[in-house]
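J.: So that we are looking at the same thing, I have put the structure below in structure tokens.
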Amino acid sequence: MRSHSGTELRPAYPISTERLLLRPLAVDDADSLLAYRSRPDVCRYVPFEPMDKQLIVDRLAGPWARTSLTDEGQSLTLGAELARTGQLIGDVVLFWHSREHRGGELGYVFNPDFAGHGYATEAGRAVLRLGFEELGLHRIVARLDERNEASAGVARRLGMRQEARLVENEIFKGEWSTELQFARLAREWNAASS
Ligand SMILES: CC(C)(COP(=O)(O)OP(=O)(O)OC[C@H]1O[C@@H](n2cnc3c(N)ncnc32)[C@H](O)[C@@H]1OP(=O)(O)O)[C@@H](O)C(=O)NCCC(=O)NCCS
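For what it's worth, my numbering labels the leading residue of the sequence shown as 105, then goes sequentially.
Shown next as structure tokens:
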């Protein structure tokens, strides 16, 4: 197993999982991203409002164009497509928060038309592998609104431990939000995969 000391992450694409291919987003993905990122139900518990096509096009030309992580403070967003059909069904993100503390964070947004098959969990597992095995992170967290049970389900299936419940710690979209924080450590990841 490769383990680096947090220098950088330059994955070889596409990243294959059992049913998915993960790869950088492309300009051609705008309509597939719009199909779910424009939906109010998808955006209910995420820190962005429903997106229009122009915003998606701007993101594709900006932060989503990144294909590697070379320093802390950066994030790598990857599209998840069904290997069988090539359809883009969601996206995952790895934030590199700290080089010194080797800390990162996982995020995921999927098209509800493809919910209930374990695709988000499968893609999230691939991102944990990138973070732990290729970037050499020590700890990866997931932060979510307590009401977002689907997201908590993904974190639990990924073997992440609920470590905190921050009661009404943020005003989120006009309401108090109770935040759950989940985490997994590299040694826990290594123990499970050896
Ligand atoms: C969070 C989100 C990605 C979860 O999607 P999801 O489809 O529920 O999650 P998964 O892809 O892991 O699928 C899990 C479901 O598939 C089922 N499943 C079927 N086959 C499976 C398999 N091979 N592996 C794992 N689960 C499987 C699970 O039992 C589970 O079903 P349940 O919902 O009835 O408990 C999705 O709700 C979403 O995009 N929400 C909007 C954005 C958002 O809130 N993101 C998180 C911000 S913190």
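Beta carbons are placed, not taken as given, at the ideal position from N, Cα and C, and that holds for glycine.
Return no unless some Cβ of chain D is closer than 9 Å to the Cβ of Q266.
T.: Going by chain labels, chain D is absent from the structure shown, which holds only one protein chain.
J.: Within the continuous alpha helix (DSSP H) that includes G257, where are the two ends?
T.: In the DSSP annotation of this structure, the continuous segment of the alpha helix (DSSP H) that includes G257 starts and ends at E253 to R261.
J.: From R188 to L125, what distance separates their C-alpha atoms?
T.: 9 Å
J.: Work out the CA separation of A224 and F236 for me, nearest whole Å.
T.: 18 Å
J.: Determine the contact status of R261 and G211, defining contact as a CB-CB distance below 9 Å.
T.: no
J.: Using three-state DSSP, classify G278 as helix, strand or coil.
T.: coil
J.: Whose C-alpha, out of R229, G257, R170 and R148, is nearest the C-alpha of N294?
T.: R229
J.: Thinking C-beta only, is E283 closer than 9 Å to E250?
T.: The answer is yes: Cβ separation under 9 Å.
J.: Would you check if the distance between the CB atom of L129 and the CB atom of G194 is smaller than 9 Å?
T.: no
J.: For ligand 1, any of its heavy atoms closer than 8 Å to the Cβ of A219?
T.: A219: yes, Cβ under 8 Å from ligand 1.
J.: Would you tell me roughly how many angstroms separate the C-alpha atoms of E292 and I244, rounded to the nearest one?
T.: 11 Å
J.: Buried or exposed for P115, please, with buried defined as at least 16 other CB atoms from any protein chain shown within 10 angstroms of its CB.
T.: buried
J.: Give the straight-line distance between the Cα atoms of F276 and Y140, rounded to the nearest whole angstrom.
T.: 20 Å
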